[in-house]
Amino acid sequence: MDFFGLFLNMMLKARPSLPDFLTTLQSEGRITFTRAEAIAALGITEAAFLKAAARLQKRRALFNPRHGFYVAVPPQFMSWEAPPPAWYIDALMRHEKRPYYVGLLKAAELHGASHHAVMEFQVVTNKQLRKIRAGRSWVTFYFRKDLDCVREGIVDRKTDTGSMKISGPELTALDLFRYMHVTGGIDAVATVITDLAERIDGQKLAVLSGHFERACSQRLGYLLDRLGHGQRAMALHDKLIEKGSMPWVTLEPESRKENRTQTTPVERSERWRVIVQRDPEIDE
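First residue of the sequence shown? That's 1176 in my numbering, and the numbers climb one at a time after it.
Written as C-alpha cells, this is what we have:
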C-alpha cells in the first residue's frame, strides 16, 4: 500500500463509529442517548445512523424502547437484550417529557415488601403509554391524571446509573388498592401490606389519602387494623370521618360477573364500613 492509501486508511479508522460512541458514552457513566445526539456527535446522516443502530440492535448491544431514544446494553446484559429498567427509566421519562414514579408492586419490592419477584416494572404517569418489552421483563405504564397532587408521596432512589423516582410507602400502599386489578387481588395486596406497614407514616398516609377514592382509604385502613397496625391508621380514620358518613364498601371490589347474592360476608367492620366477603390469604 502506498503512502496515500495508508494515510486514507488511517483517516477512515480515526472516524468515530456508533460502537465507539457507545464506548465513550459508557466510560462517562451514561447508557442512554437520543438519535439526534448521536447523529450530531458522529457527523453522519440519519439513514447512516439507523443502519448502524440496526446492526447493533441485532447484536443485542443496543436497545430502542421508544422512538428516537436508545439504551446501550452493557456486555453483562446482552443475553437479556436490555439492562434493568431502573438504569434508564428516569432518562426515558425525561425524553417523554412526562412526570412519573415507579410504583405498585415494583415500588413495594424496592421497599423490601414483596415475597415474589416482580416481572413487570410498573410506572405511574399522566399519559396513556404503551407498555415496553424490556428484555426479560416489561415496563408497564399506569395512568393518573393528577400526578402533581401526590408529589409529596414520591421519593428519589439511587440507581447504578443515577436515580429514579419511586412511590414512598404511603403512596405505594394507597396505590395497591387503587390499582388492585393489576396487583394480583386482595391476597397479594394483603401480603405486601404485611411487610410494608411498618414503614408507613400515619400522618403522611392521611394527607395523601385526600387524593384517593374514599374506598381505597377504607380498605387500607381496615387491613392495617386487621394486621395489628391500627396506630398507623388512626389519622387516616380521622381524615375519613371529616368527610362525613362513610358508605359501605367491600374489601375486594366486586366484579360485574359475580353473583353477589350467593356470598355471605364473614365480617362487617363498623369502624371502616368494610364488608369482608372472605378472609384474605396471606403468604408467609
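Glycine included, every Cβ here is placed at the ideal spot set by N, Cα and C.
Item to complete: Could you check the C-alpha separation between Asp1458 and Glu1284 for me, to the nearest Å?
Response: Taken atom to atom, the span from the alpha-carbon of Asp1458 to that of Glu1284 is near 15 Å.
Worksheet item: If Glu1345 sits next to Gly1328, beta carbons under 8 Å apart, how far is it from one beta carbon to the other, in whole angstroms?
Response: Confirmed, Cβ separation roughly 6 Å.
Item to complete: Thinking Ala1309 and Ala1257 are a contact (beta carbons under 8 Å), I'd like their distance in whole angstroms, please.
Response: The C-beta separation of Ala1309 from Ala1257 comes to about 5 Å, placing the pair in contact by the 8 Å criterion.
Worksheet item: Among Arg1443, Leu1280, Leu1411, which has the Cα closest to the Cα of Ile1341?
Response: Looking at the Cα atoms, Leu1280 is the closest of the given residues.
Fill in: Contact check, Thr1480 vs Lys1306, beta carbons under 8 Å
Because the chain in this structure spans residues 1176 to 1459, residue 1480 falls outside the shown range and cannot be described.
Practice prompt. Taking all protein chains shown into account, decide if Gly1343 is buried (16 or more other Cβ within 10 angstroms of its Cβ) or exposed.
Written response: Label assigned to Gly1343: buried.
Worksheet item: Going straight from the alpha carbon of Lys1418 to that of Leu1231, what length do you get?
Response: Put simply, the backbone Cα of Lys1418 is about 57 Å away from that of Leu1231.
Practice prompt. Measure the CB-CB distance between Ala1365 and Ala1410 and report whether it falls below 8 Å.
Written response: No, Cβ-Cβ distance for Ala1365 and Ala1410 is not below 8 Å.
Worksheet item: Would you say Pro1440 and Val1451 are within 8 Å of each other, going by their C-beta atoms?
Response: Pro1440 places its beta carbon less than 8 Å from that of Val1451.
Fill in: Three-way DSSP call (helix, strand, coil) for Arg1443 in this model
The answer is strand: DSSP assigns Arg1443 an E or B state.
Worksheet item: Is the number of C-beta pairs between the segment 1219–1231 and the segment 1251–1270 that are closer than 8 Å three or more?
Response: When Cβ pairs closer than 8 Å are counted between the two stretches, the segment 1219–1231 is seen not to touch the segment 1251–1270, the count staying below three.
Worksheet item: Does any heavy atom of the ligand COA sit closer than 7 Å to the C-beta of His1291?
Response: Ligands displayed in this structure: none; no statement on the ligand COA is therefore possible.
Fill in: Buried or exposed (CB count within 10 angstroms, at least 16 for buried), Ala1292
Around the beta carbon of Ala1292, fewer than 16 other beta carbons sit within 10 angstroms, so the residue counts as exposed.
Discussion item. Taking the beta carbon of Phe1208 as the centre, do at least 16 other beta carbons fall within 10 Å, making it buried, or is it exposed?
Written reply: It is buried - the Cβ of Phe1208 has at least 16 other Cβ atoms within 10 Å.
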